[in-house]
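Notes to accompany the following structure.
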Amino acid sequence: MTGGTDDGAGGEQRRRARVVVADDQTVVREGIVMLLGLLPGIEVVGAAADGLEAVRLVAELAPDVVLMDLRMPRCDGAEATRRIRREHPGTQVVVLTTFGDDDSLFPALQAGARGYLTKDAGAEEIVRAVEQVMSGEAGLSPKVQMRLLERLSAPVAAAPGPAPAVSRELPDGLTVREAEVLALVADGLSNTEIARRLHVSTATVKTHINNLFAKAGVRDRAQAVRYAYHHGIARPPGAQGI
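Using full-length UniProt numbering, you'd call the opening residue of the sequence shown number 1 and step up by one each time.
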């Protein structure tokens, strides 16, 4: 694979991947654009400073792939990914971010990202991820693949643990992660214990609790527990056989 559209030996031609870069930090964004300009098989057709601009550029330019940062103003990367995949399904999204924690990874994948790299990825890894998502595969870094395997192979909490909230229709606009946190609150775990269980910071847990309290219309943990029981997000003690 070389610059332009030629691929060498057998006269086969391979179209270069048309890529949009989205990152709110100017120096980082320009650095990524410069790096991609040196890579074979990639043509940068646009750069965005936030998620809204990324969505607009996708509508305007119809790129093959967006390299998407997550933490951006106005519209974050996960929401931008969701909109792009809904409105422009021909464009794939590869997340390129500093953050590899569960609260960054899983919402991005649930939003429709087909690739996920951290910013310590090398040039070859970026090219490979772009090629993989364009061919219908997942473009995940080895670290992300390992985290997914760890998550999938983690033992299910023993009864009387939280109910499988992720498989339910969630009330009041709760996200899957907020329902997980609520189930653990109902199970009596402290913020520190929840953070350890979910591999996130206690500050992140507090944010989830504040958000779910607001959505559920509850004022304290006791009300939150009753809410969780009422909506089947957690099971009361003695009801694990239900």
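Quick reminder that beta carbons are idealized off the backbone N, C-alpha and C, glycines included.
Since this is a predicted model, take the numbers as computed values, not measurements.
Residue i to residue j span [Cα, whole Å]
{"i": "residue 23", "j": "residue 31", "result": "10 Å"}
{"i": "residue 213", "j": "residue 29", "result": "36 Å"}
{"i": "residue 119", "j": "residue 141", "result": "11 Å"}
{"i": "residue 183", "j": "residue 150", "result": "21 Å"}
{"i": "residue 269", "j": "residue 218", "result": "Coverage of the chain is limited to positions 1 through 242, which leaves residue 269 absent and any answer about it impossible."}
{"i": "residue 170", "j": "residue 233", "result": "8 Å"}
{"i": "residue 227", "j": "residue 196", "result": "24 Å"}
{"i": "residue 221", "j": "residue 145", "result": "35 Å"}
{"i": "residue 225", "j": "residue 194", "result": "15 Å"}
Rounded Cβ spacing between residue i and residue j (contact assumed at less than 8 Å)
{"i": "residue 229", "j": "residue 186", "result": "7 Å"}
{"i": "residue 47", "j": "residue 21", "result": "5 Å"}
{"i": "residue 62", "j": "residue 41", "result": "Contact flag wrong, Cβ pair sits at about 18 Å."}
{"i": "residue 111", "j": "residue 82", "result": "4 Å"}
{"i": "residue 117", "j": "residue 125", "result": "6 Å"}
{"i": "residue 95", "j": "residue 134", "result": "15 Å between Cβ atoms; not a contact."}
{"i": "residue 172", "j": "residue 215", "result": "5 Å"}
Exposure of residue i, with buried meaning 16 or more beta-carbon neighbours within 10 Å
{"i": "residue 50", "result": "buried"}
{"i": "residue 107", "result": "buried"}
{"i": "residue 114", "result": "buried"}
{"i": "residue 39", "result": "buried"}
{"i": "residue 34", "result": "exposed"}
{"i": "residue 76", "result": "buried"}
{"i": "residue 223", "result": "exposed"}
{"i": "residue 27", "result": "exposed"}
{"i": "residue 16", "result": "buried"}
{"i": "residue 74", "result": "exposed"}
{"i": "residue 152", "result": "exposed"}
{"i": "residue 98", "result": "exposed"}
Cβ-heavy atom distance, residue i to the ligand NAP, below 8 Å
{"i": "residue 131", "result": "In the structure on display, the ligand NAP does not appear, and there are no ligands present to speak of."}
Cut-off 7 Å between Cβ atoms - residues of its own chain near residue i, not counting five sequence neighbours on either side
{"i": "residue 102", "result": "198, 199, 200"}
{"i": "residue 208", "result": "177, 178, 181"}
{"i": "residue 259", "result": "This structure does not reach residue 259, given that the chain is present from 1 up to 242, and the question cannot be answered."}
{"i": "residue 25", "result": "none"}
{"i": "residue 211", "result": "178"}
CA nearest to the CA of residue i, picked from the options
{"i": "residue 148", "options": "105, 35, 34, 112", "result": "105"}
{"i": "residue 59", "options": "69, 73, 153, 85", "result": "85"}
{"i": "residue 88", "options": "172, 195, 206, 57", "result": "57"}
{"i": "residue 247", "options": "144, 121, 73, 64", "result": "It is not possible to answer for residue 247, since the shown part of the chain is limited to 1 through 242."}
{"i": "residue 174", "options": "188, 99, 231, 37", "result": "231"}
{"i": "residue 246", "options": "233, 36, 215", "result": "Residue numbering for the chain in the displayed model covers 1 to 242; residue 246 lies beyond these limits and cannot be assessed."}
{"i": "residue 43", "options": "235, 78, 25, 131", "result": "131"}
{"i": "residue 235", "options": "188, 19, 146, 45", "result": "188"}
Cut-off 6 Å between Cβ atoms - residues of its own chain near residue i, not counting five sequence neighbours on either side
{"i": "residue 80", "result": "51, 54, 55"}
Residues near residue i by beta carbon distance below 8 Å, same chain, minus five either side
{"i": "residue 128", "result": "139"}
{"i": "residue 191", "result": "202, 205, 206, 209"}
{"i": "residue 19", "result": "36, 42, 43, 44, 45, 63, 64, 65, 66, 67, 130"}
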